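Worksheet: one structure, shown below.
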Amino acid sequence: MITTSTIEGAMTQSASFDGLPAKVIHLKNASGMTASFMDIGATWLSCSLPLLGEQREVLLRSPNMAEHMRQGAYFGSVVGRYANRIDKGQFEIGGTSYQVTCNNGENALHGGVEGFDKRRWSIDSHTESTLVMSLQSEDGDQGFPGTAKVQVEYQLTDDNALKITYQASCDKTTPMNLTNHAYFNLAGESSPAKSTDHKLQMFADAYLPTREDLIPLGELKPVEGTSFDFTLLKQVGRDFLSEQDQITAGGYDHAFVFDAKLTDGCAVVATLESPEQDVLMEVLTTKPAVQFYSGNFLDGTPGLSRTYDKLDGLALETQFFPDGPNRPEWGSSNGVLEVGENYQHQTTYRFKF
């Protein structure tokens, strides 16, 4: 049985990126649900649900800190300064060109070579149900302009929801797109069930087709009549790899665009159901889109219970549009934070079981 002390031991037994051990914090609610986090990457390490007298771990993660530092899946980390991809790591703001460190072929992914996932965040406060962490990203960090101050709050509620609130400000206009890169398997981390065995519903009428390197082409394509239509609950595997836009990405790895009326943080924008229909996860957010990633490249990644194979978990990363800084035509969905503007967004993962 995996316990909070087991998690703590695994993630603190060896030093992290900065040569010091991680700090691990555990939250618990009245029904016995627990969530664990560490200050490295403000990472959501564990989400354990009390089912039938046992605890079910529904997050994928590394078995220890050494493997966490080696993996490239971003398990549970807060990624930034800009989640997802920026074409060739280049963008222009106010007539000035910027070059971000590239770590995904010729492109920048999740903030560049040393993104927020590899940083030690300050633990500002925590109670039994709430954890607040912060990070300062200096001017020029990975090539991004301005000194940015970032904060994330995790709150575990008694109705079995994890609310994630992000805040940020910067003394220069800069790209800012924060998300959590948790991977879910609602059948259980050690279950043989695949992402394609889950059922998913997303209130998204459009998605962003991509090039082979997963940079969006710029089109907001209607989902109707395509394999990307999840407006009604359907099994992820039903239309899997059935058309070229999916084959290009090895499965689903695309931004789905929500109806703007639903992104108030109070409406359900997506629902994920376990294969046995015994766990339901609802997603609520203030972000305009979600990157649905079906775990196409997890194979060979050392995990908690085994070496993971592709499709062993899936991610629902709420965010602004990929490559947004190069798409001013996308307006407020392009993820550029103006100087003096406060970045405040919330995403909630609510579990029913």
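For the sequence shown, this note's numbering begins at 2 and goes up steadily by one.
All C-beta atoms, glycine included, are put in the ideal place defined by N, C-alpha and C.
For clarity, every value in this text was computed on a predicted model and none was experimentally measured.
Query	Result
W45 bridges to which residues according to DSSP?	F38
Taking the alpha helix (DSSP H) that E9 falls in, what are its first and last residues?	5 to 13
Would you call the CB atoms of F231 and L201 closer than 8 Å?	yes
Leaving out five residues before and five after G251 in sequence, what residues of the same chain have Cβ atoms less than 6 Å from its Cβ?	N297
Where does the unbroken alpha helix (DSSP H) through M70 begin, and where does it stop?	66 to 71
DSSP on A109, reduced to helix/strand/coil?	strand
Using DSSP's beta-bridge definition, name the partner residues of E58.	S49
Return yes when the Cβ of F259 is within less than 8 Å of the Cβ of V269, no when it is not.	no
Suppose you measure from the CA of G112 to the CA of K150; what does that come to, to the nearest Å?	15 Å
Extract the residue ranges of the alpha helix (DSSP H) inside the segment 230 to 314, only unbroken runs of 4 or more that lie entirely within it.	245 to 248
If you reduce the DSSP assignment to three classes, tell me which class P358 lands in.	Nothing in the structure corresponds to residue 358, since the chain is present only between 2 and 354.
When you compare the segment 16 to 34 with the segment 318 to 334, are there three or more beta-carbon pairs, one atom per stretch, that lie closer than 8 Å?	no
When burial is assigned at 16 or more other CB atoms within 10 Å of the CB, is G106 buried or exposed?	exposed
List, from N- to C-terminal side, the beta strand (DSSP E) runs of 3 residues or more that fit wholly inside the segment 134 to 177.	149 to 157, 162 to 171
Just list the residues that DSSP pairs P223 with in beta bridges.	A207
So who's on the other strand from P217, going by DSSP bridges?	T211
Among D40, T5, F76, whose alpha-carbon lies nearest the alpha-carbon of D313?	F76
At what residues does the beta strand (DSSP E) containing Y344 begin and finish?	344 to 353
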